[in-house]
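Quick note: the sequence shown uses the UniProt record's numbering, first residue 1, plus one each step. A virtual CB, placed ideally from N, CA and C, is assigned to each residue, including glycine.
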Amino acid sequence: MGEAWRDGDKVAGEGGELLKEEENPISDLSLLDSAARSPGYAPSADVFHHILRRLVDPRLVSHVGRVVELVRTQKCECSEDVALTVIKAYSKNSMVEQAAMFLQRMSEIFGCEPEWGFIGCIEGVDEMSERELAPDVMCYNILIDGFLRKGDSGGANEIWERLIKDSLVYLNVITYNVVISGLCNCGKFNESLEFWQRLKKNDRQQDLFTYSSLIHGLCKSGNVDVASRVYAEMVESGVSPDVVVYNALLNGYCQAGKIKESFELWDLMGKEGLCNAVSLNIYIRGLFDNGKVDEAMSIWARVFEKDFLADSTTYGVLIHGLCKNGYLNRALQVLKEAEDRGGALDIFAYSSMINELCREGRLDEAVRMLDQMTEHGCQPNSHVFNTLLNGLIRSSKIEDALQLFSEMIATDCSPTVVTYNTLIKGLCKTERYGEAYLFVKEMLGKGWKADMITYSLLMDGLCQSKKVGMAITCGFKCSIKMRDRHCVPNLVTHNTWMERLYKARGLCSCNRISDAIGFLNNALGRGTIPTVIKWNILVRDVLNDKAPI
């Protein structure tokens, strides 16, 4: 039986010929059950799809759940077509709740997300109407929510229009909440306010989710004054804000620079006991962003005295804020206190510190900080290494930078394009062009896609060192490699190369006018339209050579 089914699965994948020969769907089900119990065999998505299509009949739809359960237990990843076949089977048989449930659980059961096709959904609603099946408000809510989650406000609006024209369906507060929240997530804040006004005009009861969606969306868009009015109306209506609402409003006040209002709200949150670690992080970050260092540290000191549970993000926010405002030594003190107390520290805290130490030229401390973070269980990432590499190269410590790069590789931290560009720039700065080019080759060998900056750095270094002939040769080679890597030189790259070549010695003095014209033709051939700068460079050299134009 197992072998027979494996043959059938193979054929099913190629067209389902064997299964099509079976006229009785119940026999298909029996065969599926037997095969599923065979060791080492798992039915494919094609097999499930073939059987499910045959269970749409009202007399067989009761077996759909049995097949779906097998899909779930076998963890078979299916396409959207399989999931929609299940939903269609239930919808056609007036089993709307089951259809809605499987729509919401598509990812969990079938391993796929709904691709909200506008026409398909409209056809589904039309088909229900043709079969005298009345879609209920939950059905409409799910469809609107689906469209808005995919960012398709046009499709959501079409479903909304159908909903309000359906005399058998009455909108509820969930409908409005879905629309308001979805429009806010799509960045359509004015439209969300219009729906809110319509909700109030129709005397619909608003709940916490309604107000929360609006306040969060308005604060996110920078319209904190309107968000404040919505909040005031919320309180007047007797709906109690939760910590999510307060956090959104607190963040809005800080981003708008309304420090006085933020202090008042923070005090209120404390009195009502509606503060959490997220609240603290939002407020401290907001105060630092507004240059209120003393106020931020005062808030931190107060909550620290009350044994408030800060998370790893809190220390990162504190250290980054202090560094950003020029309080490096104070940031170092906070870091030491956190380490001594066993406080939670994440990579953001250490990377902020390393970045500021490098900026201040305190490289030895920055390098020691790398070991320090490892000792406290925080593994450096490419961003941390790149920051240190850049700091070392800016201080002309190329050998230290190369050594650090070796350590980066040894710790299984993968270098990025930024890593290689930083090293190439440093090597060109010290006229070690051979090594720089080896790094370009290493990038390509590891499958990294070198960008225009990579090649331009190499060309720029050669030009500045008066190695014009090598630069021209390298330029043509780089152009070919860039094209092969789908990284075509743009207008800026071509102009930079030609300008550097001219400033280095003058193309004519190198007897390389033909090469300059070659650069120009290469650009034109790639569809890059030259600027006046490029024409001036070329004409200037030709005239200097007194050659005919």
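* Under 7 Å between C-beta atoms of residue 354 and residue 384 -> A contact, by the Cβ cut-off of 7 Å.
* To do: Please state whether DSSP places residue 202 in a helix, a strand or coil.
  => It is coil, neither helix nor strand.
* **Which listed residue (312, 432 and 158) has its alpha carbon closest to that of residue 281** => Considering only alpha carbons, the answer is 312.
* Helix, strand or coil for residue 361, going by three-state DSSP, please let me know. => In the structure shown, residue 361 adopts coil according to DSSP, grouped into three states.
* Using the Cα positions of residue 116 and residue 153, report the straight-line distance between them to the nearest angstrom. => Residue confidence is low: residue 116 scores 48 on pLDDT, short of 50, so the model does not pin down where it sits. Its coordinate-derived value is still stated next. Distance between the alpha carbons of residue 116 and residue 153 is about 11 Å.
* **Check whether residue 173 and residue 205 have beta carbons under 7 Å apart** => Remark: C-beta atoms of residue 173 and residue 205 approach each other more closely than 7 Å.
* Asked: Between residue 25 and residue 54, is the Cβ-Cβ spacing less than 7 Å?
  -> Their beta carbons are under 7 Å apart, which means residue 25 touches residue 54 by this criterion.
* In terms of residue numbering, what span does the alpha helix (DSSP H) encompassing residue 397 cover? -> Per DSSP, residue 397 lies in no alpha helix (DSSP H) segment and is marked neither H nor E.
* To do: Excluding the 5 residues preceding and the 5 following residue 187 in the sequence, name in chain order all residues of the same chain whose CB lies nearer than 8 Å to its CB.
  => Cβ within range, chain order: 221.
* **For residue 231 and residue 249, the rounded distance between their alpha carbons** => Distance between the alpha carbons of residue 249 and residue 231 is about 8 Å.
* What alpha helix (DSSP H) runs, 4 residues minimum, are completely inside the region 35-77? -> Correct list: 45-53 and 64-74.
* Cα-Cα, which of 83, 372 and 176 is closest to residue 141? -> That would be 176, whose Cα lies nearest to the Cα of residue 141.
* Asked: With 16 as the cutoff for other CB atoms within 10 Å, does residue 202 come out buried or exposed?
  -> Classification of residue 202: exposed, given that the 10 Å Cβ count is below 16.
* Beta-carbon gap between residue 156 and residue 164 smaller than 7 Å -> No; because the gap between Cβ atoms is not below 7 Å, this pair is not in contact.
* **Helix, strand or coil at residue 313 [DSSP, three-state]** => Looking at residue 313 - three-state DSSP - the assignment turns out to be helix.
* To do: Please state whether DSSP places residue 188 in a helix, a strand or coil.
  => Coil at residue 188, not helix or strand.
* Which value, in whole angstroms, describes the spacing of the CA atoms of residue 393 and residue 316? -> About 26 Å.
* Asked: What does a CB cutoff of less than 6 Å around residue 285 pick up in its chain, not counting 5 residues either side in sequence?
  -> Answer for residue 285: 317, listed in chain order.
* Cβ neighbours of residue 64 in the same chain (closer than 8 Å, five flanking residues each side left out) -> For residue 64, where only same-chain residues beyond five positions count, the Cβ hits under 8 Å are 52, 55, 86, 89 and 90.
* Cβ atoms of residue 322 and residue 331: under 7 Å apart, would you say? -> Going by C-beta atoms, residue 331 is nearer than 7 Å to residue 322.
* Asked: Do you know whose CA, among 81, 69 and 73, lies nearest residue 562's CA?
  -> No statement about residue 562 is possible, as the shown extent of the chain runs from 1 to 549 and does not include it.
* Asked: By a C-beta neighbour count over all protein chains shown, 10 Å radius and 16 as the cutoff for buried, is residue 46 buried or exposed?
  -> Residue 46 comes out buried.
* Hey, would you say the C-beta of residue 215 is under 6 Å away from at least one heavy atom of the ligand SAM? -> In the structure shown, the ligand SAM is absent, as is every other ligand, since no ligand is present at all.
* Asked: Out of curiosity, what's the CA-to-CA distance linking residue 338 and residue 350?
  -> A straight line joining the alpha-carbon of residue 338 with that of residue 350 spans about 12 Å.
* Asked: Do residue 381 and residue 422 come within 7 Å of each other at the CB atom, strictly closer than that value?
  -> Against a cut-off of 7 Å, the Cβ pair of residue 381 and residue 422 comes out as no contact.
* Measuring CA to CA, which of 251, 266, 268 and 277 is closest to residue 289? -> Taking each of 251, 266, 268 and 277 in turn and checking the Cα distance to residue 289, the smallest one comes out for 251.
* Asked: In three-state DSSP terms, what is residue 325?
  -> It is coil, neither helix nor strand.
* Asked: Got a sec, what are the start and stop residues for the alpha helix (DSSP H) residue 255 sits in?
  -> 243-255 is the extent of the alpha helix (DSSP H) around residue 255.
* **Coil, strand or helix - residue 93 by DSSP** => It is coil, neither helix nor strand.
* Three-way DSSP call (helix, strand, coil) for residue 422 in this model -> DSSP places residue 422 in the helix class (H, G or I) of the three-state scheme.
* To do: Taking all protein chains shown into account, decide if residue 168 is buried (16 or more other Cβ within 10 angstroms of its Cβ) or exposed.
  => By the beta-carbon neighbour count (other beta carbons within 10 angstroms, threshold 16), residue 168 is exposed.
* Asked: Of all the options 379, 433, 437 and 430, which has the alpha carbon lying nearest to the alpha carbon of residue 413?
  -> Closest option to residue 413, Cα to Cα, is 379.
* **Neighbour-count burial assignment, residue 264, 16 or more Cβ in a 10 Å radius** => Its Cβ having fewer than 16 others within 10 Å, residue 264 is exposed.
* For residue 112, which option in 434, 433 and 79 has the closest C-alpha, if you only look at C-alpha atoms? -> For residue 112, the nearest C-alpha among the options comes from 79.
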